[in-house]
Amino acid sequence: MAKSTLTPVEKKRLATYKTMTSATQKVADDLELILSNTNKGILNSQYRSGERINEVLKDPDTNSYGDNACQQLADYLGDPGSGLYNLARVAETFTKEYVLSQSETPMANGRHLTFGHWLALHRNDKRREHGH
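Numbering (our numbering), first residue to last: 1 to 132.
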C-alpha cells in the first residue's frame with residue numbers, strides 16, 4: 001500500500017490540529033463540517049441555476065422564452081452580464097454529483113472548491129479542447 005505524502009500546507013494544518021485541546025479539535029471538526037455543508041449548499045444552488053439557464057438557452061422553441069430571455073433574466077437579477085452564462089457553462093461541463101462530491105472535501109489548505117474554481121476548471125477544459 002502506497003503512503004500518501006502530505007504537502008507542507010497539510011503538514012502545517014495537521015501540526016496545528018495536534019496542538020489543540022480535544023475541545024478545540026471538536027470545534028475545528030464542527031466548523032469544518034459546517035463550512036463544507038454551507039459550500040455544498042451554495043454550489044448546489046448555483047448549479048441548479050445553471051441548469052435552468054441551460055434550459056432557456058437550449059430551448060428549440062424560442063417562443064417559449066423569447067429571443068432575449070437570458071439578457072432579460074440578467075437585467076432582472078442585476079447580473080453584470082456573464083454571471084448567468086458562467087453558471088450555465090459550469091452546469092454543462094460537469095455533472096452536479098461530481099461538483100458536489102469534489103467540493104465537500106477540503107483542499108490541502110483547508111478551504112473548499114468554490115464556483116470560481118469550477119469556472120476556472122471549465123475554462124481550462126475548453127482550452128484543452130482547442131489545443132491550448
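Even glycine gets a Cβ: it sits at the ideal position worked out from N, Cα and C.
| How long is the line joining the alpha carbons of Asn-109 and His-122, rounded to whole angstroms? | As a first step, residue 109 is located in the sequence shown; it is residue number 109 there, counting from the start. As a first step, residue 122 is located in the sequence shown; it is residue number 122 there, counting from the start. Taking the straight line from one Cα to the other gives about 22 Å.
| message | If I measure Cβ to Cβ from His-132 and keep anything under 6 Å in the same chain, skipping five residues before and after, which residues do I get? | response | As a working mapping, residue 132 is identified with position 132 in the sequence shown. For His-132, the predicted model reports a pLDDT of 43, less than 50, meaning its position is unreliable; a value from the coordinates is still stated below. So the list is empty, once near-sequence residues are dropped.
| Nearest-angstrom Cβ-Cβ length linking Arg-43 and Phe-115, presumed shorter than 8 Å | Start at 1 with the first residue of the sequence shown, and residue 43 comes out as number 43. Start at 1 with the first residue of the sequence shown, and residue 115 comes out as number 115. Note that residue 43 is Leu in the sequence shown, not Arg. Going by Cβ atoms, the distance from Leu-43 to Phe-115 rounds to 6 Å, so yes, they are a contact pair.
| field | Tyr-65, DSSP secondary structure in three states | value | Looking up residue 65 in the sequence shown gives position 65. Looking at Tyr-65 - three-state DSSP - the assignment turns out to be coil, as it is neither helix nor strand.
| Rounded separation between Gln-72 and Thr-7 - CA only | Start at 1 with the first residue of the sequence shown, and residue 72 comes out as number 72. Start at 1 with the first residue of the sequence shown, and residue 7 comes out as number 7. The alpha-carbon atoms of Gln-72 and Thr-7 are separated by roughly 47 Å.
| task | Between the Cα of Ala-28 and those of Arg-13, Gly-50, Ala-91 and Ser-45, spot the shortest distance and give me the residue it belongs to. | result | Reading the sequence shown from its first residue, position 28 is the one you call residue 28. Minimum Cα distance to Ala-28 is reached at Arg-13.
| request: Express the C-alpha separation of Ile-53 and Asp-61 in angstroms, rounding to a whole number. | output: Position 61 of the sequence shown, counted from the first residue, corresponds to residue 61. Position 53 of the sequence shown, counted from the first residue, corresponds to residue 53. So the two alpha carbons sit approximately 15 Å from each other.
| query | Given Tyr-17, which residues of its chain have a CB within under 8 Å of its CB, disregarding the five upstream and five downstream residues? | reply | In the sequence shown, counting from the first residue as 1, residue 17 sits at position 17. If we look at Tyr-17 and ignore the five residues flanking it on each side, its Cβ neighbours are Gln-25 and Ala-28.
| query | Taking just the CA atoms, how far does Leu-113 sit from Leu-100? | reply | For the purposes of this step, residue 100 is taken as residue 100 along the sequence shown, with counting starting at 1. For the purposes of this step, residue 113 is taken as residue 113 along the sequence shown, with counting starting at 1. Each residue's Cα considered, the two are about 9 Å apart.
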